[in-house]
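Peer 1: Take a look at this one; I'll ask things after.
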Amino acid sequence: MTTLVFGHKSPDTDSTGSPIIWAWYLNEIKGVDAAPALLGEPNTEALFMLDHWKLDKPQIIDDVQADQPVVIVDTNNPAELPASINDADITAIIDHHRLVGGLETKGPVNIVMETLACTATIMYKMIGDDMAQMPTNIKGAMLTCILSDTLEFRSPTTTQEDTAIAHALAKDLGIDIPEYAAQMFAAKSDVSSFSEAELLRMDSKEYEVDGKKFRVSVLETTSPAAVLNRKDALMAAMPGVATEDGADQVLLFVVDILNEEATMLIPNDFTKSVAEKSFGATVTGDSVVLPGVMSRKKQIIPNIKV
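When we follow full-length UniProt numbering, the leftmost residue of the sequence shown carries the number 1, and every step to the right adds one.
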């Protein structure tokens, strides 16, 4: 049976590119029949990556069959995975997030988790000398993933390993990093075709603190005005999205990549309290700017208080 390689729901660039990278490695280097998959439609930046490097969009799946061999990348959180994930045969997990717990395996499993900014960085290290056999378009996906997750090295999650590997890939590919990253971020910033509910779910994680369930959504952009001009509509959509997704509240952070700050929307007194307790912010309106806040993984989720 073909091994499926996939990341989290609402796939971003890393959860789109890393399954492609690892499926290539399993097929071409390890001799394992493997295929990349997605748990939903990829975001605009990920679509740009697929188009730019002439990569096929992986199949989109809703669930997995019992005993289906799978490799999980860019997450270890059951809430971000298919409902039947524990019925599958999980053969490996490659991730760079906090350990959540709740996954069950049918036997011994290879787990690689490192405090790096990007899953693709971990894969580069794991592939090692076999990188010499990797085709240009797969290397291009790897570079795109790293630049995306590090926000072109602006994110506080960025490590020297992420930076060095990105530069090595760019040199190999003949890519000017600032120029290419600008194209990526322009694609990511074009959200005109998405509904408010789609934007709230586009790049989001489920998180629970003190009995309160949150959908923590982040929109990274070089054109924050394009999102903030829809502020009223986004806040109006939040209660419906929260109800449909079984959350108490949606928290939305619009990350301004160039100015290195986040704007948090404040639709009610509860989110106002969360902002003030979590980030020491003084909230006087329906939004608040959080200077220096760019990373959900390192700066937002660990600080959420209710």
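Each residue gets a CB set at the ideal place from its N, CA and C atoms; glycine is no exception.
Using a threshold of 8 Å, state whether the C-beta atoms of LEU234 and LEU258 are closer than that.
Peer 2: In this structure, LEU258 does not lie closer than 8 Å to LEU234 by Cβ.
Peer 1: So, for LYS277: in the same chain, excluding its five sequence neighbours on each side, which residues have a beta-carbon less than 8 Å away from its beta-carbon?
Peer 2: Only LYS305, VAL306 meet the Cβ criterion.
Peer 1: Which of helix, strand or coil does DSSP assign to residue 307?
Peer 2: What the structure shows of the chain is the stretch from 1 to 306, and residue 307 is not part of that stretch, so it cannot be assessed.
Peer 1: Using alpha carbons as the reference points, say which of GLY246, ILE146, PHE279, THR222 lies closest to ASN303.
Peer 2: Measuring from the Cα of ASN303, the nearest candidate turns out to be PHE279.
Peer 1: Cβ of SER10 within 8 Å of Cβ of MET202?
Peer 2: Yes, they are a contact pair.
Peer 1: Could you compute how far the alpha carbon of TRP24 sits from the alpha carbon of PHE270?
Peer 2: Cα to Cα, TRP24 sits roughly 46 Å from PHE270.
Peer 1: Nearest to PRO82 by CA position, among CYS118, ASN137, ASN268, HIS8, is which residue?
Peer 2: Measuring from the Cα of PRO82, the nearest candidate turns out to be HIS8.
Peer 1: Suppose you measure from the CA of VAL254 to the CA of GLY31; what does that come to, to the nearest Å?
Peer 2: Answer to the nearest angstrom: the Cα atoms are 43 Å apart.
Peer 1: What ranges does the beta strand (DSSP E) occupy inside the stretch 88 to 134, keeping only unbroken runs of at least 3 residues that lie completely in it?
Peer 2: Taking only runs of at least 3 residues, the beta strand (DSSP E) segments lying wholly in the stretch 88 to 134 are 89 to 95, 110 to 113.
Peer 1: Are the beta-carbon atoms of GLN160 and GLU28 separated by less than 8 Å?
Peer 2: For GLN160 and GLU28, no; Cβs fall outside 8 Å.
Peer 1: Under the rule that 16 or more other beta-carbon atoms within 10 Å means buried, what is LEU99, buried or exposed?
Peer 2: Result: exposed.
Peer 1: Taking just the CA atoms, how far does ASP129 sit from ALA247?
Peer 2: Distance between the alpha carbons of ALA247 and ASP129 is about 45 Å.
Peer 1: Secondary structure at GLU80, three-state DSSP: helix, strand or coil?
Peer 2: Reduced to three states, the DSSP call for GLU80 is helix.
Peer 1: Apart from the five residues on each side of it in sequence, which residues of its chain come closer than 6 Å, Cβ to Cβ, to LYS213?
Peer 2: Taken in chain order, the residues that qualify are ALA247, ASP248.
Peer 1: Mind checking LYS188: buried by the 16 CB within 10 Å criterion, or exposed?
Peer 2: By the neighbour-count rule (16 or more Cβ atoms within 10 Å), LYS188 is buried.
Peer 1: In whole angstroms, what is the alpha-carbon distance linking ILE21 and THR119?
Peer 2: Those two C-alpha atoms are separated by around 10 Å.
Peer 1: Quick check on the DSSP output: the alpha helix (DSSP H) that includes GLU244 runs from which residue to which?
Peer 2: 231 to 244 is the span of the alpha helix (DSSP H), which, as asked, contains GLU244.
Peer 1: Do you know offhand how far VAL288's Cα is from VAL5's?
Peer 2: Those two C-alpha atoms are separated by around 39 Å.
Peer 1: In the structure shown, what three-state DSSP assignment does ASP256 receive?
Peer 2: If DSSP states are grouped into helix, strand and coil, ASP256 belongs with the strands.
Peer 1: Can you grab the Cα-Cα spacing for the pair ALA226 / SER204, in whole Å?
Peer 2: So the two alpha carbons sit approximately 19 Å from each other.
Peer 1: Give the single residue among ASP33, LEU26, HIS52, GLU244 whose Cα lies nearest to the Cα of GLY13.
Peer 2: This sequence places Thr at residue 13; Gly is not what is there. It is HIS52 whose Cα lies nearest to the Cα of THR13.
Peer 1: Look at the alpha carbon of GLY102 and the alpha carbon of SER84, and state the distance between them as a whole number of angstroms.
Peer 2: Using only the alpha carbons, I get a separation of about 12 Å.
Peer 1: Going by the CB atoms, is the gap between VAL70 and THR16 shorter than 8 Å?
Peer 2: Contact: no.
Peer 1: Output the distance between the C-alpha atoms of residue 309 and THR105, rounded to the nearest integer angstrom.
Peer 2: Look at the range of the chain in this structure, 1 to 306, and you will see that residue 309 is not part of it.
Peer 1: Does the Cβ-Cβ distance between VAL216 and ARG296 come in under 8 Å?
Peer 2: For VAL216 and ARG296, yes; Cβs fall inside 8 Å.
Peer 1: From the DSSP secondary-structure annotation, give me the bridge partner or partners of PRO19.
Peer 2: Beta-bridge pairing links PRO19 to no other residue.
Peer 1: Assuming ALA92 and ASN110 make a contact with CB atoms under 8 Å, what is their CB distance in whole Å?
Peer 2: That belief holds up - the Cβ atoms of ALA92 and ASN110 are roughly 4 Å apart, short of 8 Å.
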